[in-house]
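Okay, structure first, notes after.
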Amino acid sequence: MPALWIAHVTVTDEEAYGRYAALAGPAIAKHGGKFIARGGRFVQLEGRERPRNVVARFDSVEAAEACYHSPEYQEALSHARDASERELLIVETSE
């Protein structure tokens, strides 16, 4: 079943996070991920607000998790760790 990779992000270092974004997009695409939301308008109804919200669709939970653990994404993530506060989760969809 398809899965969504959902990230809620507060960027604390724009320059370093830019390096993350430049590497993360190709890594996600390489593993079959397709962005369906990147930033954009949102309405926070509950919980902690993060100004950047990203959703990517993968063919399966396993594909999304493999992307996360891939060397390409881990290289990208090395730039985001000290440049942002993030929550990231993978959710299987019913479609």
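Residue numbers (the working numbering): 774 to 868. Even for Gly, the Cβ is constructed at its ideal location relative to N, Cα and C. Here the structure is a predicted model, which means the values were calculated and not measured.
Check: Give the straight-line distance between the Cα atoms of Arg823 and Gly798, rounded to the nearest whole angstrom.; Outcome: 20 Å
Check: Would you give the residue range spanned by the alpha helix (DSSP H) that Ala800 belongs to?; Outcome: 787–803
Check: How big is the Cα-Cα spacing for Pro775 and His842?; Outcome: 18 Å
Check: I need the straight-line Cα distance from Arg825 to His852, nearest angstrom please.; Outcome: 16 Å
Check: Does the beta-carbon distance from His781 to Leu861 come in below 9 Å?; Outcome: yes
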